[in-house]
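Residue numbers (the UniProt record's numbering): 1 to 1061. Ideal Cβ placement from N, Cα and C applies to all residues, glycine included.
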């Protein structure tokens, strides 16, 4: 293969083309002999210097940069006025030094409101000058109010460097050009085909007649032959597909192109081809002539080619596009389903707080790490290769709720179960997989299990935020003994001795070509410059009637020698090692999830299983101390997500993880007291999102309320004081003269505009989400100051809370009046509706009583109408299950039936159902190939935990009370199979709660309340699910009068309560 072409085009991600197309010519936009018009700006803390230096020719632009803490960005910008034709391209020369960061080339419209971009993510810049050319087809809409309408005129160009690896380095640019190109039209000509020779009637024209029944045969000699195409004009194309006949395929050949038929340039080389069907990626090629230069025949008697197909330009526009074309041309099941445009789902495989996390796909492929290769199992039995397409698929969790997922492929009298789990040998963390093959027949069977190592992720290509799913390059693969290496590092260890291993590069054929014949490639080492190498282990199995066999593999850390711990343990324990690690994993998770229990009808136990599974997913999604909502797209830690995940953990008795999270997050607070919105491996994100400060303080306070760990609050006190100082400074930015009158009056006293809501990314607004989180944080800071005895801060912050709360509610009311709306607005700027944001005003901020009640009811009514329309198939095509937080708000507002209507609908959208998880985005068509965020999504899981728990018990901060049974459905109590409904050992901020509620006849409810519980000043308020008003009540045998309508308040525990209706 010709390295000069194949490697740069895909490893760089920037389009390179050979020769210029006909069109309107090329215009130099900037030769960089001066830097006139160029400006530079960077994120806070990022150091940068823009200056001149030597260019590709003459002078050029030089940008020195250093990302503080590994995060940040630098943007170079210049104004250009240029009408854009239907088709065009830009080009520039670039080189660089330093770590691999993301380079973005951006086009701005004349108003600089809409942005189009081409991104080269996390790639190293070339050390020498290289031409980078970007066609219009490679430029995507990024953001802006136009929603992606065609860009008709250019207003400016930006080059942006955003931190990936971070660090410091230099970018050089020169020779920025614009090319007007002819409109892209489909090639409608008929190529002329000729050959060096032909055998009999099997002429060259047969190779291009669209018929696989015909064939071109060359003469048997000489050994080198050629086949040539003349398109009659320059033509753009993306690759070739060659269908060979029998054994006389070309084992060694090249593809060459020419514009004049005399001077030829090699663009692809195949060595050791296996025949059958060859897919030749030729991204961004234009030529008039194309030639196959055939150098070595597999049969030694010439060449036989059934068909040559010239593929369109998008055939190999990217590695993923290439395999999409291949998969659609091969049998279903030979490649991951996503390459055929079918949605796929997955779940996590990992340890509590582990750094590396695998994914187990719904079809049984195991992704070893973020962006890593997969291990895909196949059985060979009765002359057939059995993959994911041939079996009936089902998924499960061990014991129904442990984060130990299994995929079963049911092949009738055979089954294959794939289970992923994590373990540890000493200090060495491992991911593991168990493959259980069962013979259900009444006779013995011989079969083969193949474990194929393939250059594909479980994550599909449309998962393209912060990473790219689909292809995961394997440049070299080899195995020795039980250890398999990928790209020079230990990657897999077979814990049972394999019976064979083979590997192949892309041009030698896909691994399934070999497995389909029940054989392995002949080599044990394979290299592939494009990263498409694959291999497989073979395990020969003999299974008696109703017998099963288990095969285990381990995935050590990706480094040389990391398999040593596994090999050492295997020598000591033999093949029992895998079974022991499996039992340890089961035991660990059973204990880790053994928190509170919920008493409810057996038919509803899946609710508790979902709660425990999502608790487990929060723990597995952790990366050390960092709480993360996901492990792929969202492998970052937001304080917003972390606050709610922390709350859910504390509500289920997991305080240590919250403590470690807060200790870690506090280290990234900036000198001015700002709490970063987000932190990842590069450091804190510099984008200000003004909910973050309140969320951090709330989380510290929530930790204290559940643990009473005053020493920890004292340790974090300087961080809280600094955060409150920053909050005070921020709110005063909106208390200047500009905001006392006129248009600015709408924002007086609020947090400044930010993009904490994703919908505001293109235009920051004054989001009430920020303000209510801030108000909650200020109030919690007051509480913490009081428990520490810091009366000065308690007093000043009490005043700030009162003043800020007054400004907030005044602004909310003013927005409703100004925008003429009858619902609670989400922002002061837009007056937009967002019930998800309104939910935290109720459940987190505790401000339901101060909100306009009619508007609050209207907001929820409008949401429910929208929800029902969508649920019934008439509304939006997709939604985000963040809506689960509305369940808690509805419970707190006494709308029990509405809450369950929403919750049951959301539960039906767990995919797959048995894995009890949600993706960030749910589409009506579960097979639609569309972005779904991350899954399992632990912020959503945390909101579900909070919502389900609120049905049984929640703390009402406004009244300083504990509310019981406000969301329990009436049918649970009157279910003949339900003896009692309630909780055991449920953590609350007032201590551990036990209670059980049951019916006694149609007119009486009995309730027992116990536990290590300090009754709050506002008492314990009981809200049973009975529509009728309470007529009489007794507590511990004594008649009481502390009830109103459907609520009874008691002042002490233990308590035996009897309620009559």
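Limits of the beta strand (DSSP E) - the one that residue 377 falls within: Residue numbering aside, residue 377 sits at position 377 when the chain shown is read from its first letter. 374 to 381 is the extent of the beta strand (DSSP E) around residue 377.
Assigned secondary structure, residue 79 (DSSP; H/G/I helix, E/B strand, else coil): Working through the chain shown from its first residue, we reach residue 79 at position 79. DSSP places residue 79 in strand when its eight states are reduced to three.
Simplified DSSP state of residue 750, which is helix, strand or coil: The count along the chain shown starts at 1 and reaches residue 750 at position 750. Here residue 750 sits in coil by DSSP.
Reduced DSSP category for residue 678 - H, G, I as helix; E, B as strand; rest coil: Translated into positions along the chain shown, residue 678 becomes position 678. Residue 678 falls in the strand class under three-state DSSP.
Contact between the stretch 1009 to 1028 and the stretch 988 to 997 (3+ Cβ pairs under 8 Å): yes
Contacts around residue 328, its chain only, beta-carbon distance under 7 Å, and the 5 residues preceding and following it disregarded: Translated into positions along the chain shown, residue 328 becomes position 328. Same-chain partners within the cutoff: 340.
Beta-carbon contacts of residue 1052 that lie in its chain and below 7 Å, excluding the five residues immediately before and after: The sequence position of residue 1052 within the chain shown is 1052, counting from 1. Same-chain partners within the cutoff: 1015.
Residue range of the beta strand (DSSP E) that includes residue 964: As a working note, residue 964 is residue 964 in the chain shown. Taken as a continuous stretch (DSSP letters only), the beta strand (DSSP E) holding residue 964 covers 961 to 964.
Short Cβ contact (9 Å threshold) for residue 965 with residue 981: For the purposes of this step, residue 965 is taken as residue 965 along the chain shown, with counting starting at 1. For the purposes of this step, residue 981 is taken as residue 981 along the chain shown, with counting starting at 1. Contact: yes.
Contact between the stretch 764 to 778 and the stretch 696 to 705 (3+ Cβ pairs under 8 Å): yes
Simplified DSSP state of residue 689, which is helix, strand or coil: Translated into the one-based positions of the chain shown, residue 689 becomes position 689. Three-state DSSP puts residue 689 in coil, outside helix and strand.
Collapsed DSSP secondary structure at residue 309 in the structure displayed: In the chain shown, counting from the first residue as 1, residue 309 sits at position 309. Correct three-state label for residue 309: strand.
Alpha helix (DSSP H) segments (min. 4 residues) lying fully within the stretch 403 to 474: none
Cut-off 7 Å between Cβ atoms - residues of its own chain near residue 1138, not counting five sequence neighbours on either side: No information on residue 1138 is available, as it lies outside the stretch 1 to 1061 that the chain covers here.
Beta strand (DSSP E) segments (min. 3 residues) lying fully within the stretch 537 to 601: 548 to 555, 597 to 599
Cβ shell of residue 686 (< 6 Å), same chain only, five flanking positions each side left out: To locate residue 686, count along the chain shown from 1; it is residue 686. Around residue 686: 43, 44, 72.
Residues sharing a beta bridge with residue 95, DSSP: Position 95 of the chain shown, counting from 1, holds the residue named residue 95. According to DSSP, residue 95 bridges with 172.
Sheet register partners of residue 1062 (DSSP bridge): Since the first residue of the chain shown is 1 and the last is 1061, residue 1062 is not available in this structure.
Member of 554, 547, 518 whose CA lies at the smallest distance from the CA of residue 485: Within the chain shown, residue 485 is the residue found at index 485, counting from 1. The shortest C-alpha separation from residue 485 is found at 554.
Opposing strand residues paired with residue 265 [DSSP bridges]: Locating residue 265 in the chain shown gives position 265, counting from the first residue. Answer is 257.
Which of helix, strand or coil DSSP assigns to residue 725: Residue mapping note: residue 725 aligns to position 725 of the chain shown, counting from 1. Looking at residue 725 - three-state DSSP - the assignment turns out to be helix.
Nonlocal neighbours in the same chain, by C-beta distance under 7 Å from residue 1133, ignoring five residues either side: Look at the range of the chain in this structure, 1 to 1061, and you will see that residue 1133 is not part of it.
6 Å Cβ shell around residue 417 - same chain, five flanking residues per side excluded: Counting from one through the chain shown, the residue named residue 417 turns up at place 417. These residues qualify, in order along the chain: 406, 408, 436.
Spatially closest choice to residue 284 from 477, 318, 419, by CA coordinates: Locating residue 284 in the chain shown gives position 284, where the first residue counts as 1. Checked all of 477, 318, 419; the closest Cα to residue 284 is 318.
Rounded C-alpha distance that separates residue 424 from residue 707: For the purposes of this step, residue 424 is taken as the residue at position 424 of the chain shown. For the purposes of this step, residue 707 is taken as the residue at position 707 of the chain shown. Between residue 424 and residue 707, the C-alpha separation is close to 30 Å.
Status (buried if at least 16 other CB within 10 Å, exposed otherwise) for residue 415: Numbered from its first residue, the chain shown carries residue 415 at position 415. Buried, since its Cβ has 16 or more Cβ neighbours within 10 Å.
Residues bridged to residue 994 (per DSSP): For the purposes of this step, residue 994 is taken as residue 994 along the chain shown, with counting starting at 1. According to DSSP, residue 994 bridges with 1010.
Stretch-stretch touch, CB-based, cutoff 8 Å, three pairs: the stretch 907 to 915 with the stretch 834 to 853: no
Extent of the continuous beta strand (DSSP E) run through residue 143: Counted from its first residue, the chain shown places residue 143 at position 143. 140 to 143 is the extent of the beta strand (DSSP E) around residue 143.
Continuous beta strand (DSSP E) assignments of at least 3 residues falling wholly in the stretch 190 to 234: 192 to 195
Helix, strand or coil at residue 22 according to DSSP, with G and I counted as helix: Locating residue 22 in the chain shown gives position 22, counting from the first residue. For residue 22, the predicted structure reports a pLDDT of 45, less than 50, and the residue's modelled location is therefore unreliable. A value from the coordinates is still provided. Looking at residue 22 - three-state DSSP - the assignment turns out to be coil, as it is neither helix nor strand.
Buried or exposed by the 16-neighbour rule on C-beta atoms within 10 Å, applied to residue 799: As a working note, residue 799 is residue 799 in the chain shown. The residue is exposed, with fewer than 16 neighbouring Cβ atoms inside 10 Å.
Per-residue DSSP class, three states only, for residue 968: Position 968 of the chain shown holds residue 968. Correct three-state label for residue 968: coil.
Distance between beta carbons of residue 277 and residue 243, contact taken as under 8 Å: Your numbering for residue 243 matches position 243 in the chain shown. Your numbering for residue 277 matches position 277 in the chain shown. Sure, about 5 Å apart at Cβ, within 8 Å.
Contact check, residue 384 vs residue 390, beta carbons under 9 Å: On the chain shown, position 384 is the one that residue 384 refers to. On the chain shown, position 390 is the one that residue 390 refers to. Yes; because the gap between Cβ atoms is below 9 Å, this pair is in contact.
Same chain, Cβ closer than 8 Å to residue 1037, neighbours up to 5 away in sequence not counted: One-based indexing of the chain shown puts residue 1037 at position 1037. Counting only Cβ-Cβ distances below 8 Å, and skipping sequence neighbours, we find 1056.
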